[in-house]
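Notes follow once the structure below has been shown.
Number of protein chains: 2
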Amino acid sequence: MFRTANVLSIAFCLVACRCAFADEGMVPISELGRLPLAEKGLQLTAKEIFNPGQISLVDGICRVNGCTGSFVSSNGLIITNHHCAFDAIQKASTSQNDLLTNGFIANTFTDEVPASNFTVRITEGYKDVSEQVLSVVTDKMTFLERTQAIDKRRKEIELGTEKENKGLRVEVAEMFAGKTYGLFLYTYLKDIRLVFAPPVSVGAFGGEVDNWEWPRHTGDFSFMRAYTAPDGTSAEYSLDNVPYHPKRVIRVAPQGANEEDAVFLLGYPGRTVRQKTASFMKYEQDVRLPAIVELYAWQINEMDKAGAADRSVAIKHASRTKSLANVEKRSRGQLLGLRRVDIVATREKAEAELQSFIRSDASRREKYGALLKDIASVYDDMTKLGPLEIHLKEFKSACRALSFGFTIYDAVVERAKEDLERETPYMNRNMDLTVQQLKLDVADWHSPTDAIMLAGMLERLSTIPDARDITPLSSLLNDRSTFQKRAESLIGATRLGDVKFAEECLKKTPAELALTSDPLLKLMIELYPTYKSLRDKDKERDGRLGPLYGTLMEAKQAFEPTQFVPDANATLRMTYGRVRGYSPADAMQKTPVSTLKGVIEKTTGIEPFITPKAVMDRYLAKDFGPFVHPKLGQVPVAILYNTDTTGGNSGSPVFNAKGELVGVNFDRTFEATINDFAWNESYSRSIGVDIRYVLWITGIVYEAKHLLKEMGL
Amino acid sequence: MFRTANVLSIAFCLVACRCAFADEGMVPISELGRLPLAEKGLQLTAKEIFNPGQISLVDGICRVNGCTGSFVSSNGLIITNHHCAFDAIQKASTSQNDLLTNGFIANTFTDEVPASNFTVRITEGYKDVSEQVLSVVTDKMTFLERTQAIDKRRKEIELGTEKENKGLRVEVAEMFAGKTYGLFLYTYLKDIRLVFAPPVSVGAFGGEVDNWEWPRHTGDFSFMRAYTAPDGTSAEYSLDNVPYHPKRVIRVAPQGANEEDAVFLLGYPGRTVRQKTASFMKYEQDVRLPAIVELYAWQINEMDKAGAADRSVAIKHASRTKSLANVEKRSRGQLLGLRRVDIVATREKAEAELQSFIRSDASRREKYGALLKDIASVYDDMTKLGPLEIHLKEFKSACRALSFGFTIYDAVVERAKEDLERETPYMNRNMDLTVQQLKLDVADWHSPTDAIMLAGMLERLSTIPDARDITPLSSLLNDRSTFQKRAESLIGATRLGDVKFAEECLKKTPAELALTSDPLLKLMIELYPTYKSLRDKDKERDGRLGPLYGTLMEAKQAFEPTQFVPDANATLRMTYGRVRGYSPADAMQKTPVSTLKGVIEKTTGIEPFITPKAVMDRYLAKDFGPFVHPKLGQVPVAILYNTDTTGGNSGSPVFNAKGELVGVNFDRTFEATINDFAWNESYSRSIGVDIRYVLWITGIVYEAKHLLKEMGL
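Same order as they appear, the protein sequences are chains A and B. Using this note's numbering, you'd call the opening residue of the first sequence number 59 and step up by one each time. Using this note's numbering, you'd call the opening residue of the second sequence number 59 and step up by one each time.
Next comes the structure, spelled out in structure tokens:
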């Protein structure tokens, strides 16, 4: 068995061992021993949380697609967010039985609904593979070659280790950019089922209006269950499968946590960019984020209009709208935060100090002198090409049929290569998932909306001079008055929104596909070299930035040894803090526990502020059971805490000092979206649904008492 | 001399003497002796605040047009709100020297600018005249006759008393509807001058966006000065005049007041309707307030559009826009409050209990049995006729030229009557003021806007079937497609926006005016009988409601003797409380002191969030002088307190426990707009500009140190 204590304990020492972790930080799980847990109010030792080779708290958590989940029963019952299960609820809905609107309760195992396309990932082991990965890099390589070599080496290590560890999946993750790589061993469970979801009016109460906001009144939780083959191994959905038995079950604390109580989270925070330079921040602030906000706000608006007239269209758009709106508002928050906190200027100042330090010594000057300038030159290039690159990428994302066409042709082209040479999604081990996702996306296709998106993107591209130099676009873009008509005719003629056609195409060779009569697929194939060169360009930049950032880290450490917290990279991290409010503005204080009374106050009967009759009835009857806040005299709905989280922490368990579940993390405050760039105690706040609301909604309002019983309550 | 102690001390005993005042209540000044002042944290005795025949704190305050002011120097220096002096600042502005934008400082007496149309009223004495007034009422009178008789009697008493008290003005005010009347003796000072106004970007920082909101960052204060003839008597503006010497000067406390400090206010709260029935509240909620919100929001929007293109048009519209916007937002707040607190239902329940009490006794049944039904029948009638009546009234208000035409014709008609028989504005003692106001209004006329208003009102009236039955309207309203053209042609042809024409018209008789060739004046004259009958209808309703409410008060007192606080009626009242925050919503707390830091946070450089360079410079230089909040380390800008105020309390001094000035009241919170209907400690909060901000802006930012010196600082 791969999993060994000695390998795990040496992880991250290159950098992390030299740091004293501040309260900031999504701390790598291997570094818990360095944290002042008791001083921070935790009653668990580091070994009780994570103990390689032994069973510890981390064995009770898992990754549910892009989210985090907790096993809350020995029969594989998982609690995660409603928005994490949203796709599963949406796909299982029909216009006859709209599970989003009505919610869902499985009263027995057999009532549970398969959540197609969901996987649950369990971390089984870890080792540092930095040396193995970087051994393939030579000084003579171009930057593109460097990235390609590292990618290939990572894949080799993954496939090799997987062969040695049958049934496990191996992933090599970059830890510090260009410097350190970690190998993770995972079990992927593939038979995941929906167990309980409150109506969307509870699970997404407040919708996009309240998203990223506090006070929050959203019951953003759901229950799923993981199944395995009867022998306990991972298996696709089958009626013969049995519930998964996790190594550790997370205990639920029905009394919850109150103001100033210590809490901690475990989870898989996706990506932060705190180690990046001022030049990167400036690119984000001036180029990328404003473009994303414009592009997404427009698409959301168009999908909303289309959905307003027809509920079945709204259901098709629901998942994509939700996801775009989430990013759009987060990006707005980040833009605001970048400007308000003036992060670019702050970082420029810090870098000027670093540069003085570098200049003050000849050997440092030689080694690091050009570093910041070299990094900046990459972002300068991205800034210059930004409008074109961002809009070209969005062209094949906003227009869904173009996106399907790209995936199909890309898959067919890549499939012709050796497995290790392929882009990751098309490697043999990933191809099934990629095709499955494509089919699910195709099923949500709505052609009138897609024609609007196509026309809108032509409109936007036509304002970017360089876009007209791209051969297949030049004729399309030369007459604005034709955009709508051309878009309608292309969308009207394409069969890319047809699953059968997609399946047929996937069987062909690139040469065969090139003969297609489908006009949109034809356009995509003509554009393919452009997209391939965009992808190569990104790799080339990564290759260039990787070693530069690696060296920058060295220089920073020489300058100031205690500053670093590794950026999030979707690997398992811990963060701790307290249930605590904050002041978003002068003379305003937000307190950290919201209540059912607030749900009722916000309820207007108009989306997204509808409250189901069942909730209203229990509220009016004051039927709160034991789930009452001791001081507020109300059922608490959500809690706020000053831990350090980002996307991927959705669904993360919020633990009390004893490691018992008191909430399920689901969001940050609007002010805290800037968290990804820079953490600050005064505004970095995360939001979780209070376990008392989970239990009240599940057990009292919807009477799924069997689930409370299953959780040992 | 009229002013006697014994008369004043018996005031309001009919009702007030039977009450223990709650914290709710704008307490009549004669009743201070009944308040637990020491228990509430005040260090002054009732006699130090108000001591008839002696000089006390109330002698330091005055009424400035519709606002309250405080004398802060022995040379008649008055502090009031910026918005109270707004008209004076606006009228003194030109496109060359825009005092609204630039602010104004008079460095010497001779620099001060006359505030035409401003008067300062000083209360000199009071007596109860209920018996004298009601002696003219007989059982045989119709309701209209009853109102007319009371009105005439009030005027007789006023004129008679004025004759006995040369130089003073006498006003008889209804205290409890239909029951009690008080006679007030006033000095009116007519030579008022502008001394200091900060730029509108300070004085109205946050503008309509922040109006009625907390946290607030508005420096809503200004200084004016009252002048008299050299002999100390009231006189029109003259270079020979000298500063007025108030009997009492209010001492300024530069240390301000902080959270939980006791404060109290003196002022002239205008009107509350807390004694009215559920049927009235329902009329307000369902009929009047929604109509006002629609009509005002539309007019504001049109004036904003017109002003956006041309600053000189914006200046013309500024005062009217500000006033409509203020009422529009207040009305929205009241609508929200009526619905949220469900005041109609609460009051219906209370009235049902009262009705049970009445029914349970035969003599009560006979006396009061039909009372609530009779009152309701008046509001039922107003509800039925509401849309027509409200839109007819607004017709001659939205279209300014029609309003001028009405005033002119009304003045001419009324002037033909005996003085005592006239409508109040046209009595000899008031005619000058009425004509002066008319001329000022005419000076702000902008014909393109007026054409839009006229067309918009025709549009609205055309949707009300009964409007077409009014002869002069029937032909105007029969073809929607012509409204814009007809409006433009009427406005294009009228001379009512010309001061000279208005003056000529005012010299004519009704018969002469009837021959006018001015098409809009002609229309107004044709409509005059309709407006006259609307006025009579209102009087008839007042006459009907007066004795009904008088009797209702008796019935309520029999049922529950301690509930009553007299509704505000623009007479001098006191209210006390504490500097205190509140919770506007679940998990939200607003703290009661806003600071300069918040001004900077809100500053966007876009109206209404512009901060003058002078303020920004002093902020960046941390040049705060002694005006720093001890805990917050910032200049406090505004304070929040739980006293009971309403419109008319604008400019009211906020006193500390010792009766020293710590702020100038200028607004309520949005939630507190419902205050006029029902008071509640949880949401009734008033807002004042902090004296520390007043002194910092005046003395440090704009260096008017001579004013601080004049205030004894």
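We put the beta carbon where it would ideally sit given N, CA and C, even for glycine.
Beta carbon proximity, B/K454 to chain A, threshold 8 Å: No - not a single Cβ of chain A is within 8 Å of the one on B/K454.
Given A/L102 as reference, the closest of A/V722, A/F713 and A/L753 once Cα atoms are compared: Cα-wise, what sits closest to A/L102 is A/F713.
Proximity winner among A/T507, A/K237, A/E386 and A/K213, relative to A/V228 (alpha-carbon distances): The shortest C-alpha separation from A/V228 is found at A/K213.
Proximity of B/T552 and B/L531 at Cβ, strictly below 8 Å: For the 8 Å CB-CB criterion, B/T552 and B/L531 do not form a contact.
Sequence ranges, alpha helix (DSSP H) only - wholly within the region 407 to 476 of chain A, length at least 4: Listed in chain order, they are 420 to 426, 429 to 456 and 458 to 473.
Chain B contact for A/S461 (CB, 8 Å cutoff): The beta-carbon of A/S461 is placed no less than 8 Å from the nearest beta-carbon of chain B.
Exposure of B/F167, with buried meaning 16 or more beta-carbon neighbours within 10 Å: By the 10 Å Cβ count, B/F167 comes out exposed.
Residues in the region 643 to 655 of chain A having any Cβ partner in chain B nearer than 8 Å: Cβ proximity to chain B below 8 Å picks out A643, D644, A645, M646, Q647, K648, T649, P650, V651, S652, T653 and K655 from the region 643 to 655 of chain A.
Range covered by the beta strand (DSSP E) that runs through B/I136: Membership of B/I136 in the beta strand (DSSP E) is indicated by the continuous run L135 to T138.
Three-state secondary structure (DSSP) of B/G770: Coil at B/G770, not helix or strand.
Straight-line Cα distance separating B/I583 from B/K543: Those two C-alpha atoms are separated by around 21 Å.
Beta-carbon contacts of B/A366 that lie in its chain and below 8 Å, excluding the five residues immediately before and after: The residues are A372.
Residue of B/S153, B/D249, B/A207 and B/D537 minimising C-alpha distance to B/V171: The shortest Cα separation from B/V171 among B/S153, B/D249, B/A207 and B/D537 belongs to B/D249.
Under the three-state DSSP convention, the category B/A231 falls into: Strand.
Close beta carbons around B/V267, own chain, < 8 Å, minus the five adjacent residues each side: Taken in chain order, the residues that qualify are P666 and F667.
Interface residues of chain B facing A/P273 [CB-CB closer than 8 Å]: A643, D644, A645 and M646, listed in chain order.
Residue of A/E411, A/F541 and A/Y239 minimising C-alpha distance to A/E618: Considering only alpha carbons, the answer is A/E411.
Per-residue burial, A/Q112 [other beta carbons within 10 Å of its own, 16 or more giving buried]: Counting of Cβ neighbours within 10 angstroms places A/Q112 among the exposed residues, the total staying below 16.
Min CB distance A/E659 to chain B below 8 Å: Cβ-Cβ to chain B under 8 Å: yes for A/E659.
Per-residue burial, B/E386 [other beta carbons within 10 Å of its own, 16 or more giving buried]: Buried: at least 16 other Cβ atoms inside 10 Å.
Contact under 8 Å by Cβ, B/I358 with B/L394: No, the Cβ-Cβ distance between B/I358 and B/L394 is not below 8 Å.
Residue span of the alpha helix (DSSP H) that contains B/A807, given as start and end: Any answer about residue 807 of chain B is impossible in this case: the structure gives chain B only from 59 up to 771.
B/S744 - partner residues in DSSP beta bridges: Answer is B/Y699 and B/R726.
Contained beta strand (DSSP E) runs [length at least 3] in the region 603 to 658 of chain A, N- to C-terminal order: Within the region 603 to 658 of chain A, the complete beta strand (DSSP E) runs of at least 3 residues are 631 to 636, 646 to 648 and 651 to 653.
Of the listed residues A/R329, A/W272, A/P711 and A/G264, nearest to A/S791 (C-alpha basis): Outside the modelled stretch of chain A, which goes from 59 to 771, sits residue 791 of chain A, for which no answer is possible.
Reduced DSSP secondary structure (H/G/I, E/B, other) of B/D249: It is a strand residue.
Own chain, CB closer than 6 Å to B/A336, minus 5 neighbours either side, in chain order: Sequence-distant partners of B/A336 (beyond 5 residues in either direction) whose C-beta falls short of 6 Å from its own C-beta, in its chain, are V402, R405, E406 and E409.
Beta-carbon proximity list for A/L460, same chain, < 6 Å, skipping 5 on both sides: Beyond the five residues adjoining it in sequence on each side, A/L460 comes within less than 6 Å, by CB distance, of K454 and M582 in the same chain, given in chain order.
Under 8 Å between C-beta atoms of A/T276 and A/A696: Yes, they are a contact pair.
Continuous alpha helix (DSSP H) stretch holding B/F559: start and end: Per DSSP, the continuous alpha helix (DSSP H) segment holding B/F559 begins and ends at V557 to L564.
Where A/V385 sits in the DSSP three-state scheme: Residue state, collapsed to three classes: helix.
Nearest to B/D734 (by Cα), restricted to the options B/K334, B/F129, B/C120 and B/G721: Ranking the options by Cα distance to B/D734, first place goes to B/K334.
B/G770, buried or exposed, once every other Cβ within 10 Å from all chains shown has been counted against 16: So B/G770 counts as exposed.
Cross-strand partners of B/I749 (DSSP beta bridge): DSSP, once it has assigned bridges, lists no residue as partnering B/I749.
Buried or exposed (CB count within 10 angstroms, at least 16 for buried), A/R458: Label assigned to A/R458: buried.
Test item: CB-CB of B/P256 and B/Y760 under 8 Å: Yes. Within cutoff.
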